[in-house]
Amino acid sequence: MNVDFSLFRKTRLIWKKRSPIQTVYVYQKGSVRYMRFASESWQGALDMKNKEKLLFPYQRFFLAYRAWMPNVRSFLSLGVGTGTAIRSIRRLHPDARIVGVDLDEAVLEAAVKYFECPCDQQTELHAMHGRAFLESTAERFDLVFLDTYDSFSIPKSMRTVQSFQSIYQVLQENGLLVVNVIGTLKGPMDSPFKTTLKTVQEVFPDVWVLPVSRWSRFEQNILLIARKRKPGDFLSDVPVHEDSLSPEVAKLVHQIYSESIPTEDIQAEYD
Numbered sequence: 071m072n073v074d075f076s077l078f079r080k081t082r083l084i085w086k087k088r089s090p091i092q093t094v095y096v097y098q099k100g101s102v103r104y105m106r107f108a109s110e111s112w113q114g115a116l117d118m119k120n121k122e123k124l125l126f127p128y129q130r131f132f133l134a135y136r137a138w139m140p141n142v143r144s145f146l147s148l149g150v151g152t153g154t155a156i157r158s159i160r161r162l163h164p165d166a167r168i169v170g171v172d173l174d175e176a177v178l179e180a181a182v183k184y185f186e187c188p189c190d191q192q193t194e195l196h197a198m199h200g201r202a203f204l205e206s207t208a209e210r211f212d213l214v215f216l217d218t219y220d221s222f223s224i225p226k227s228m229r230t231v232q233s234f235q236s237i238y239q240v241l242q243e244n245g246l247l248v249v250n251v252i253g254t255l256k257g258p259m260d261s262p263f264k265t266t267l268k269t270v271q272e273v274f275p276d277v278w279v280l281p282v283s284r285w286s287r288f289e290q291n292i293l294l295i296a297r298k299r300k301p302g303d304f305l306s307d308v309p310v311h312e313d314s315l316s317p318e319v320a321k322l323v324h325q326i327y328s329e330s331i332p333t334e335d336i337q338a339e340y341d
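Heads up, the sequence shown is in my numbering, so the first residue is 71 and it goes up one at a time.
Pasting the structure below:
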């Protein structure tokens, strides 16, 4: 019988830093390192013995972007955390230009020092507000990942029509936006998710919904995949690149939510 002895190891604090925004903690249990903010939930993790392993389901589901965009030349991560998305892009697209933006400089410090977030000539990390970056940059990106959280929701400043318009402007034609939302697809608690969906749909003509589980009435990570369509393009029934459908990607695409999500009575959010 194989025994996972890491289950019996204690979680130990290996780094702590108080910033003007929050206190950032790095813990380790066995071979796994975690980041968390004060009393909030885990922000990310890295298995030091298996660094390519994605420990959180939504991080694995993020890789579904390859069904639409098998080749990424430029990537913007709004919210860095442990740098998992940045590591994944660097591993899969070694020559990609990468920019990571996080409000808290302490988070960026921990990501580089303890979670091997890339910090090379092709990668820039900025400690600033996401909206400020979007409104000041002249760069254009193939892929943008919005993964910013204030406690348990995307900060309002990053989830309004105006913020998604700013993201739309920095995308290349046919570029993709992936938004990490925590919510429920159905039931009495589905309003926050539907509001975010409605808001994204106000800006992007093509939006796909990718939940990490089939339990539509339970809170979970739900990815919204939105495409900046070329003028005159139409929505294809099969929006994927066939050459990108490895078994791993095909399995993720199969999880795209196919049921109708009514948002007619939902109001989009504005600044």
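Don't be surprised by glycine CBs; every beta carbon is placed ideally from N, CA and C.
Just so it is clear, the structure is predicted and the values come from calculations on it, not from any experiment.
- With a minimum length of 4 residues, the unbroken runs of alpha helix (DSSP H) contained wholly in the segment 140 to 216 fall at 154 to 162, 175 to 184, 200 to 206.
- DSSP places Leu125 outside both helix and strand once states are collapsed to three, so it counts as coil.
- CA-CA distance, Leu216 to Gly100, rounds to 30 Å.
- Contact check for Phe274 against Tyr327 fails: the beta carbons are separated by 9 Å or more.
- Of the candidates Ala296, Ser330, Ala338, Ala296 places its Cα closest to the Cα of Trp138.
- In this structure, Asp172 places its C-beta atom within 9 Å of the C-beta atom of Ala197.
- Distance from the CA atom of Ile292 to the CA atom of Pro262, rounded to whole angstroms, is 12 Å.
- Spanning the alpha carbons of Gln242 and Pro90 requires a straight line of approximately 35 Å.
- In the pairwise beta carbon analysis, the segment 188 to 205 is classified as touching the segment 147 to 162: at least three pairs are separated by under 8 Å.
- Of all alpha-carbon atoms in Pro164, Ser144, Ala176, the one lying nearest the alpha-carbon of Phe107 is that of Ala176.
- Leu133 is a Cβ neighbour of Leu124, given a cutoff of 9 Å.
- DSSP links Ser236 through a beta bridge to no other residue.
- The residues Val277, in chain order, have a CB closer than 6 Å to that of Gln271 in the same chain once the five nearest residues on each side in sequence are set aside.
- Cα atoms of Ala181 and Gln235: separation of roughly 28 Å, rounded to the nearest angstrom.
- The C-beta separation of Thr81 from Ala115 comes to about 12 Å, leaving the pair out of contact by the 8 Å criterion.
- Under the three-state reduction of DSSP output, Ala108 falls in the coil class, being neither helix nor strand.
- Shown here, Val323 sits in a helix according to DSSP, grouped into three states.
- Across the structure, Gly149 and Pro140 are spaced so that their CA atoms are roughly 23 Å apart.
- In the structure shown, Tyr95 adopts extended strand secondary structure according to DSSP, grouped into three states.
- Closest option to Glu209, judged by alpha-carbon separation, among Arg167, Thr218, Leu246: Arg167.
- When the Cα atoms are used, Asp165 and Phe222 turn out to be separated by approximately 34 Å.
- Taking all protein chains in view, the Cβ of Tyr135 is crowded by 16 or more other Cβ atoms within 10 Å, so the residue is classified as buried.
- Per DSSP, Leu293 is one residue of the beta strand (DSSP E) stretching across 290 to 297.
- Residues of the same chain with a CB within less than 6 Å of the CB of Pro127, apart from the 5 flanking positions on each side, are Val282 in chain order.
- The beta carbon of Val319 sits closer than 6 Å to those of Arg136, Ala137, all from its chain and outside the five residues before and after it, given in chain order.
- Secondary structure at Leu255: coil, using DSSP grouped into helix, strand and coil.
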